[in-house]
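Undergrad:
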Amino acid sequence: MTRILIIGGSPLHPCPNHTFLDYAKHLLANQLESPQIKIDTLLVRNLLAEDLAFGRYSSPVLFYPKKLIAEADAIIIGSPIAKSAYTGLLKSFLDLLPSGIFAHKVILPLATSHTIAHTSALEYSLKPVLKEFGATQILPSVFAVDNQLQDAEHSNLEIAIRLQAALQDLLQAIATNKGTKPNTSSSLLDEIYAVH
1 MTRILIIGGS PLHPCPNHTF LDYAKHLLAN QLESPQIKID TLLVRNLLAE
51 DLAFGRYSSP VLFYPKKLIA EADAIIIGSP IAKSAYTGLL KSFLDLLPSG
101 IFAHKVILPL ATSHTIAHTS ALEYSLKPVL KEFGATQILP SVFAVDNQLQ
151 DAEHSNLEIA IRLQAALQDL LQAIATNKGT KPNTSSSLLD EIYAVH
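So for the sequence shown, the UniProt record's numbering puts the first residue at 1; every next one is plus one.
#1: Any idea what DSSP makes of residue 112, helix, strand or coil?
#2: State buried or exposed for residue 107, treating a residue as buried only when at least 16 other CB atoms are found within 10 Å of its CB.
#3: Using a threshold of 8 Å, state whether the C-beta atoms of residue 115 and residue 144 are closer than that.
#4: Closest by CA to residue 79, which one among 98, 45 and 166?
#5: By how many angstroms is the C-alpha of residue 77 removed from the C-alpha of residue 191?
#6: Exposed or buried, residue 13, counting other C-beta atoms within 10 Å across all chains shown (16 or more means buried)?
#7: Checking the sheet assignment: what are the DSSP bridge partners for residue 45?
#8: I believe residue 170 touches residue 74 by the beta-carbon criterion, under 8 Å. Please report the beta-carbon distance rounded to the nearest angstrom.
#9: Quick check on this structure: which residue in 160, 40, 21 and 165 has the alpha carbon closest to the alpha carbon of residue 5?
#10: Within 10 Å of its beta-carbon, does residue 141 have 16 or more other beta-carbons around it, so buried, or fewer, so exposed?
#11: Based on DSSP bridge pairs, tell me the residues matched to residue 78.
#12: Which residue comes first and which comes last in the beta strand (DSSP E) that contains residue 93?
#13: Counting Cβ pairs, one atom from each stretch, are 3 or more of them under 8 Å apart for the region 96-104 and the region 118-128?
#14: Mind checking which residues open and close the alpha helix (DSSP H) that includes residue 201?
#15: Using the three-state DSSP reduction, which class does residue 29 fall into: helix, strand or coil?
#16: Considering only residues of the same chain and omitting the five flanking positions on each side of residue 37, which have a CB-CB separation below 6 Å?
#17: Can you name the start and end residues of the beta strand (DSSP E) that residue 102 belongs to?
#18: Under the assumption that residue 20 contacts residue 110 (Cβ atoms under 8 Å), give the Cβ distance between them as a whole number of angstroms.
#19: Can you tell me where the alpha helix (DSSP H) with residue 175 in it begins and where it stops?
#20: Going by beta carbon distance, what residues of the same chain come within less than 6 Å of residue 149, once the five residues before and after it are set aside?
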């Protein structure tokens, strides 16, 4: 079984960043032929605020999120960007994870912001932190301005194409790690053009 975990780091829901993550999940779910691939979603905002705020590393509530991460072959991690950084909520969550938890996983960061000025924020804010947790296979992040996102099935064509390419890279990296070929139906690009 191949597992892909989507982690949403926004304190708000609904929000453009969660729309972006939902869109990624929609594209993956509609193109994967194999029932041997499972996609899980973890919204950090649903965890106990007290555990995050007080740094309760051993809270039983964190057992399941840690298990999801540990079992995942790949992680799509998303955050809105404000003041050139990912959210404090996501940082609080990451601070509670054990060292090395992202080792041997393919990671695709997704970011959203109200301004294009934050395009490269994940490159110098989130990626170094992920590396501290053992990540060595981090794909180039995909960035979208909030008004480019509509809903979980429709989005700006440019964003859709960039996201499609990133997801193809994700599936290829998983397959390479497992020594197999990606098991997808027709190109994700066909799906994108079909909804635009």
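All C-beta atoms in this analysis are idealised placements derived from N, C-alpha and C, irrespective of residue type, glycine included.
Remember, predicted model here, so these are calculated numbers, not experimental data.
TA: Considering the structure as presented:
#1: Taking the sequence shown and counting its residues from 1, one reaches residue 112 at position 112. In this structure, residue 112 counts as strand in the three-state DSSP scheme.
#2: Reading the sequence shown from its first residue, position 107 is the one you call residue 107. Buried is the call here.
#3: Locating residue 115 in the sequence shown gives position 115, where the first residue counts as 1. Locating residue 144 in the sequence shown gives position 144, where the first residue counts as 1. Result no, Cβ atoms of residue 115 and residue 144 do not sit closer than 8 Å.
#4: Counted from its first residue, the sequence shown places residue 79 at position 79. Comparing Cα-Cα distances from residue 79 to each of 98, 45 and 166, the minimum goes to 45.
#5: Translated into positions along the sequence shown, residue 191 becomes position 191. Translated into positions along the sequence shown, residue 77 becomes position 77. Legend: pLDDT at residue 191 = 41, less than 50; position of this residue unreliable, no value from coordinates given.
#6: Stepping through the sequence shown from its first residue, residue 13 is reached at position 13. Exposed, since its Cβ has fewer than 16 Cβ neighbours within 10 Å.
#7: Stepping through the sequence shown from its first residue, residue 45 is reached at position 45. Partner(s): none; residue 45 has no beta bridge.
#8: As a first step, residue 170 must be located in the sequence shown, where it is residue number 170. As a first step, residue 74 must be located in the sequence shown, where it is residue number 74. That pair is a contact at about 6 Å.
#9: Numbered from 1 along the sequence shown, position 5 holds the residue referred to as residue 5. The shortest Cα separation from residue 5 among 160, 40, 21 and 165 belongs to 40.
#10: By 1-based counting over the sequence shown, the position of residue 141 is 141. Residue environment analysis places residue 141 among the buried positions, since at least 16 neighbouring C-beta atoms fall within 10 angstroms of its C-beta.
#11: Counting from one through the sequence shown, the residue named residue 78 turns up at place 78. Here residue 78 is bridged, per DSSP, to 8 and 110.
#12: Position 93 of the sequence shown, counted from the first residue, corresponds to residue 93. Here residue 93 belongs to no beta strand (DSSP E); instead the alpha helix (DSSP H) covers 88-95.
#13: no
#14: Outside the shown range of the chain (1 to 196) lies residue 201, about which nothing can therefore be said.
#15: As a position in the sequence shown, residue 29 is number 29, starting the count at 1. In the structure shown, residue 29 sits in a helix (DSSP, three-state: H, G or I).
#16: On the sequence shown, position 37 is the one that residue 37 refers to. 2, listed in sequence order.
#17: Start at 1 with the first residue of the sequence shown, and residue 102 comes out as number 102. Premise fails: residue 102 is in no beta strand (DSSP E) and is neither H nor E.
#18: Along the sequence shown, read from residue 1 onward, the residue named residue 20 stands at position 20. Along the sequence shown, read from residue 1 onward, the residue named residue 110 stands at position 110. Indeed, because the Cβ distance is near 5 Å, the residues count as touching under 8 Å.
#19: Translated into the one-based positions of the sequence shown, residue 175 becomes position 175. First-last of the alpha helix (DSSP H) with residue 175: 157-178.
#20: To locate residue 149, count along the sequence shown from 1; it is residue 149. Excluding sequence neighbours, residue 149 sits near 16, 19, 20 and 155.
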